[in-house]
Structure formats: structure tokens, C-alpha cells
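Numbers in this note's numbering are just positions in the sequence shown, counted from 1, shifted up by 1027. For each residue, glycine too, the CB sits at the ideal point set by N, CA and C.
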Amino acid sequence: MATVTMDKLVNLAKARGFVFSGSEIYGGLANSWDYGPLGVELKNNIKQAWWKKFVTTRLDMVGIDAALIMNPKVWEASGHLATFTDPLVECKQCHERYRADQIDLSAACAKCGGKGTYTDPAAFNLMMKTWLGPKEDATATAYFRPETAQAMFVDFDQVLTTTRKRVPFGIAQCGRAFRNEITPGNFIFRQREFDLMEFEYFIHPNDWEKTFEYWLGQMHEWIKECGIDASRVHDHEIPKEELAHYSKRTVDIEFDYPFGLKELYGLAYRTDFDLSNHAKHSGARLEYTDPATGEKYVPHVVEPAFGADRTFLAVMLSAYHEEEAPTSKEGETDTRVVLRFPPHLAPIKIAILPLSKKDELSSVAKSLAERLAKQWRVEYDETQSIGRRYRRQDEIGTPYCVTVDFDTLQDKAVTVRDRDTMKQERVVIEELPAYFQSKLSLTAA
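Here it is, written out as C-alpha cells:
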């Protein structure tokens, strides 16, 4: 198995329709990416699997879908306007900007080669600013949310009232966030707009340590279910002096990307910082009364945060394999590129491949494809040789290929090929729904 480089992955992602450069026909936009036909399927599958695991299958979780733009006072209360910054330096010769904590300030500028010509580091706020209404002045200033968390705190009382949940319980959200990054890059790893999947789990203050360890274990369980290579995953305890202003304990779950060991997910114990600050700034009472004991308190929070785009990247990197595989010619092999996605995440679950374009075969194959498409994402392909079509499906991670051949017209059966083993077996058409139901579930994976 060859080690996948970012160049290989980016080229495959573009060639097969996973990720495209944004606005490409106009020369693009730096670090802007669009998810193509296969990419949107994979990303949606990741988000749906996350929602199912952490929300719909649990009795202690509910979800919301909040506005992207909130009252600016939210960001004053949360501390984002004052503290959500990165250190910025600028090359005095070419004016290229860098994060001061990510470069060697004594080294030459990567763009122009100038050495020792950086400005002093300055705090750069990462909030993405906009204006509401026709006038662009201070009174109309607003911000696109840099995280999904604050809406879950602001809506805490309404969620508590309408759902009648009891502590401990969680509020989850999956959606877009925006950050005016100084130096986005490394493909989809760091972007100015991205999807977050996170939840706030509200607890009694005395229970934070056991709750923290529980969710850390659940996050690693999720990583396993995604097929992310566990040998490349590492827990990093953030030192106290580096903790965010709201956190008492944070663990970053890091992943070995081709460009280095970087954050994949984060788990933070936010104490009662958010609810208390919003209560103070808004005047609202954001506390909980235990119906059994009558105790009143402001719940504390443990926050597991997942990036959908970084999950996508880690899944792609973990799934990518190169191997020598036999060709149709006896004794010959070639390099097979295969994405070994867990079946429940694969963009295309089943490929229907008629051996010939002749009407009698294509009619049966199309009818089968339409039938299976009612349950799974199916692709129909009748172009090029069957060997080339198999390789194409391997490259996009399709778990199963179904070949409709001339024997199908007599025995009413098809040949099913397994992506990972390349083994083939004959299955009766009428048995295919039950066959794939057993193969394409999370438990089967």
C-alpha cells in the first residue's frame, strides 16, 4: 500500500467529482472549494451518520437549526469580539500576511524571499463581518457565526421549556460556520466557511469529569465507525496556559495528515461560562431547577465539537489505498486505486453494469437500477470495458458492482463483485434487496 500524498488526493478528488476549486471558470478564489456530485454524497452521509449516532438514537439529545447571523450582543457576551483572534504579521516587501504562530519570523518570506521584514504581530479578529440593511455603518454591523455553539446557549431556556428535558441532556446542531482566517489552506482542512457538527451537553457541576471521559470515549467510537485510521489518531491534552478563555479542560483529538499532526476534533469542558455570561448580558434567567430535589443551578457544559470537512478529509485519507491487482490478461497486474469507505458512508452504494449496451441487457439493468435506487444511491454505467468500469468504481469507493450479463436473461441472477476482496458471487435478482440490506448497514460494516 502506497502512502497517499495531498497531491494524489486532491487530483483524485477533482477527477472523480469529490471536490472542485470554487469559481474555477473565473480563475478561482483562493482556498475556496465546492463539493461535487460524489463529495456532497459523502459529506451528507457523514453528517447524517453523526446526527443518527449522537441525536436521533439517544433519549437525552435534541437538535436545533439556528440562524447564521445572530444579534451582535451574542458575540460580545461570548467573548468572541474581544478574544477571538490570531496573531497577524505582514511582509513589509510584498505585503503577504501570515499567522505569526505558524511561521519562523526569522526566516525568509515564502512568497517574495525577503528576510527579517515582518511587521510586529498584531491581534486579528477572525469574525466574518457583514451589514444588515441598506447602510454600511457601525449601527448595522453584524457577524456570520464563527461556531454553532452560541445558539444552543441562547436557546437553552426555550429548548428546556418546550422539550421538558432533565439534566443531563444535550442540544445538537450541524451547520455552516465562518471565520476570516489569515492563512486558510491544506485543501479543505482550513477554510473560511465550513460545516460544524457539535453539541452542548448540560450537566450538574459535580458530574463534569465522568461526563468528559464518557464523551471522549464516544468520540473515539465515532472515529472507528467512520473508518478513520486509529493509528493516525492521537489525544492531545491542552496545557492550562493555552486553554481558551471559556475552558477548564480541553482535549484535541489530532490526526496525522500528510502535512503534519493537526486537530481533527475538540472536546472542551466550558463550565457555566456561556450560560452565566448570556444571563448577565441579556438579563434572562438561564438556570435549571431539579424537579426531584428543588436545587437551582446554572448547568455546566461539556462540548464535543466535530468538523464535517475535516472528517471528510480524514475519511478520504484513511480510505485511500493503492495495490497491485490482476488485469483481464492472465499473469498481468496493474495498480488499483481504491477508496475503502465504510459502506454506510460510501457516496455510491451499488453500481449497475450491463455487460453489453444491447437492448435486452440494458432494459433489465436499468429496471434493476431504478428498483435498487429506491433504497440506496445507485450509479448506472454501460460505457467502456467491464474491467475499466470496475476500476472506476473502485476509485470512488463503491462497495458493490452488479454485472448484468447474458446469462441473466435465463437464470434471473446477476454477478455481485465486492470492492475490497474483488470476489464475485452469483445472486438471484429477487434476493438482491435482502442481500444488500445485510451488507450496507453500519452494523454490517
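Helix, strand or coil for A1472, going by three-state DSSP, please let me know.
Reading the sequence shown from its first residue, position 445 is the one you call residue 1472. Because the pLDDT at A1472 is just 40, under 50, the model does not fix this residue reliably, and the value given afterwards should be weighed accordingly. A1472 falls in the coil class under three-state DSSP.
Starting from V1405, trace the alpha helix (DSSP H) in both directions and tell me its first and last residue.
For the purposes of this step, residue 1405 is identified with residue 378 of the sequence shown, where counting begins at 1. From DSSP, V1405 is part of no alpha helix (DSSP H) but of the beta strand (DSSP E) over V1405 to Y1407.
Touching by the beta-carbon criterion (3+ pairs, under 8 Å), the segment 1043-1053 and the segment 1189-1208
With a cut-off of 8 Å on Cβ pairs, the segment 1043-1053 is not in contact with the segment 1189-1208, counting fewer than three such pairs.
Alpha carbons only, please: which of V1181, T1410 and M1154 is nearest the one belonging to F1307?
Stepping through the sequence shown from its first residue, residue 1307 is reached at position 280. Correcting the residue identity first, residue 1307 is Lys in this sequence and not Phe. When each option's Cα is compared against that of K1307, the closest is V1181.
Using DSSP's beta-bridge definition, name the partner residues of I1198.
Position 171 of the sequence shown, counting from 1, holds the residue named residue 1198. BP columns for I1198 point to V1089 and E1227.
Along the beta strand (DSSP E) that carries R1416, what are the first and last residues, could you check?
Stepping through the sequence shown from its first residue, residue 1416 is reached at position 389. Per DSSP, R1416 belongs to no beta strand (DSSP E); it is in the alpha helix (DSSP H), I1413 to I1423.
For the candidate residues Y1292, L1056, L1382 and G1287, whose alpha-carbon lies nearest to that of G1244?
For the purposes of this step, residue 1244 is identified with residue 217 of the sequence shown, where counting begins at 1. The shortest C-alpha separation from G1244 is found at Y1292.
Given a cut-off of 9 Å on the beta-carbon distance, is the pair V1342 and L1039 in contact?
Here residue 1342 corresponds to residue number 315 of the sequence shown, with the count starting at 1. Here residue 1039 corresponds to residue number 12 of the sequence shown, with the count starting at 1. Not closer than 9 Å, so no.
Using three-state DSSP, classify V1454 as helix, strand or coil.
For the purposes of this step, residue 1454 is identified with residue 427 of the sequence shown, where counting begins at 1. Three-state DSSP puts V1454 in a strand.
Tell me the rounded alpha-carbon separation between I1280 and K1035.
In the sequence shown, residue 1280 corresponds to position 253, counting from 1. In the sequence shown, residue 1035 corresponds to position 8, counting from 1. For I1280 and K1035, the distance between alpha carbons rounds to 25 Å.
In the DSSP output, which residue or residues are listed as bridge partners for Y1296?
Indexing the sequence shown from 1 puts residue 1296 at position 269. R1276 and V1329.
Quick one: give me the first and last residue of the alpha helix (DSSP H) that M1179 is part of.
Stepping through the sequence shown from its first residue, residue 1179 is reached at position 152. A1176 to V1181 is the extent of the alpha helix (DSSP H) around M1179.
Using the three-state DSSP reduction, which class does L1313 fall into: helix, strand or coil?
Along the sequence shown, read from residue 1 onward, the residue named residue 1313 stands at position 286. L1313 falls in the coil class under three-state DSSP.
Contact the segment 1101-1108 vs the segment 1403-1420: 3+ CB pairs below 8 Å:
no
CB-CB under 6 Å to P1318, same chain, minus the five flanking residues each way: which ones, in chain order?
Along the sequence shown, read from residue 1 onward, the residue named residue 1318 stands at position 291. So no residue of the chain qualifies.
Since H1327 and W1242 are thought to touch, with beta carbons under 8 Å apart, how far apart are those beta carbons, to the nearest angstrom?
Start at 1 with the first residue of the sequence shown, and residue 1327 comes out as number 300. Start at 1 with the first residue of the sequence shown, and residue 1242 comes out as number 215. Actually they are not in contact, since the Cβ atoms of H1327 and W1242 sit about 13 Å apart, beyond 8 Å.
With distances taken from CA atoms, which of V1443, R1446 and I1073 is nearest L975?
Outside the modelled stretch of the chain, which goes from 1028 to 1472, sits residue 975, for which no answer is possible.
How many Å lie between V1455 and R1416 at the Cα?
To locate residue 1455, count along the sequence shown from 1; it is residue 428. To locate residue 1416, count along the sequence shown from 1; it is residue 389. Cα-Cα distance, rounded: 22 Å.
Give the secondary structure of M1028 by DSSP, where H, G and I count as helix, E and B as strand, and everything else as coil.
Taking the sequence shown and counting its residues from 1, one reaches residue 1028 at position 1. Bear in mind that a pLDDT of 47 at M1028, under 50, signals an unreliable position, so the model cannot answer this.
How would you label E1068, buried or exposed, when you count the other beta carbons within 10 angstroms and need 16 or more for buried?
Along the sequence shown, one-based indexing puts residue 1068 at 41. Per the 10 Å Cβ criterion, buried.
Between K1439, K1401, A1392 and Y1145, which lies nearest to C1428 when the distance is taken from Cα to Cα?
Taking the first residue of the sequence shown as position 1, residue 1428 is located at position 401. The option with the nearest alpha carbon to C1428 is A1392.
Using a 10 Å radius around the Cβ and a threshold of 16 neighbouring Cβ atoms, would you call H1305 buried or exposed?
Along the sequence shown, read from residue 1 onward, the residue named residue 1305 stands at position 278. The residue is buried, with at least 16 neighbouring Cβ atoms inside 10 Å.
Could you tell me whether the Cβ atoms of T1395 and I1379 are closer together than 9 Å?
As a first step, residue 1395 must be located in the sequence shown, where it is residue number 368. As a first step, residue 1379 must be located in the sequence shown, where it is residue number 352. Here residue 1395 is Leu; the residue named in the question, Thr, does not match the sequence. Contact: yes.
Hey, how far is the Cα of R1446 from the Cα of E1452?
Indexing the sequence shown from 1 puts residue 1446 at position 419. Indexing the sequence shown from 1 puts residue 1452 at position 425. Rounded to whole angstroms, R1446 to E1452 spans 12 Å at the Cα level.
For the alpha helix (DSSP H) holding L1436, just list the boundary residues, first then last.
Translated into positions along the sequence shown, residue 1436 becomes position 409. Counting along the chain, the alpha helix (DSSP H) containing L1436 begins and ends at T1435 to D1438.
If I follow the unbroken alpha helix (DSSP H) through R1337, where does it start and stop?
The residue you call residue 1337 lines up with position 310 of the sequence shown. Annotation: the continuous alpha helix (DSSP H) that includes R1337 extends over A1335 to A1346.
Rounded C-beta distance between I1215 and L1340? I'm assuming under 8 Å.
Counting from one through the sequence shown, the residue named residue 1215 turns up at place 188. Counting from one through the sequence shown, the residue named residue 1340 turns up at place 313. Correct: roughly 6 Å between the Cβ atoms.
Look at the alpha carbon of I1265 and the alpha carbon of L1294, and state the distance between them as a whole number of angstroms.
In the sequence shown, counting from the first residue as 1, residue 1265 sits at position 238. In the sequence shown, counting from the first residue as 1, residue 1294 sits at position 267. So the two alpha carbons sit approximately 10 Å from each other.
Relative to the C-alpha of R1444, which residue among S1383, I1377 and P1285 is closest?
Your numbering for residue 1444 matches position 417 in the sequence shown. Answer by Cα proximity: I1377.
For A1076, report the span of its beta strand (DSSP E) as first-last.
Within the sequence shown, the letter at position 49 stands for residue 1076. Premise fails: A1076 lies in the alpha helix (DSSP H), P1064 to W1078, not in any beta strand (DSSP E).
Looking at C-beta atoms only, is the number of pairs between the segment 1150-1164 and the segment 1134-1142 that lie closer than 8 Å three or more?
In this structure the segment 1150-1164 does not touch the segment 1134-1142; the number of beta carbon pairs closer than 8 Å is below three.
How would you write the range of the beta strand (DSSP E) that M1155 sits in, first residue to last?
Working through the sequence shown from its first residue, we reach residue 1155 at position 128. Here the beta strand (DSSP E) through M1155 covers M1155 to W1158.
Whose C-alpha, out of C1121, Q1120 and P1148, is nearest the C-alpha of I1130?
Within the sequence shown, residue 1130 is the residue found at index 103, counting from 1. For I1130, the nearest C-alpha among the options comes from P1148.
For E1208, three-class secondary structure by DSSP:
Walking along the sequence shown from the start, residue 1208 turns up at place 181. Here E1208 sits in coil by DSSP.
Taking C-alpha atoms, which residue in S1383, G1358 and A1461 lies nearest to L1399?
Your numbering for residue 1399 matches position 372 in the sequence shown. Out of S1383, G1358 and A1461, A1461 has the C-alpha closest to the C-alpha of L1399.
Terminal residues of the alpha helix (DSSP H) in which T1482 lies
Any question about residue 1482 goes unanswered here, given that the chain covers just 1028 to 1472.
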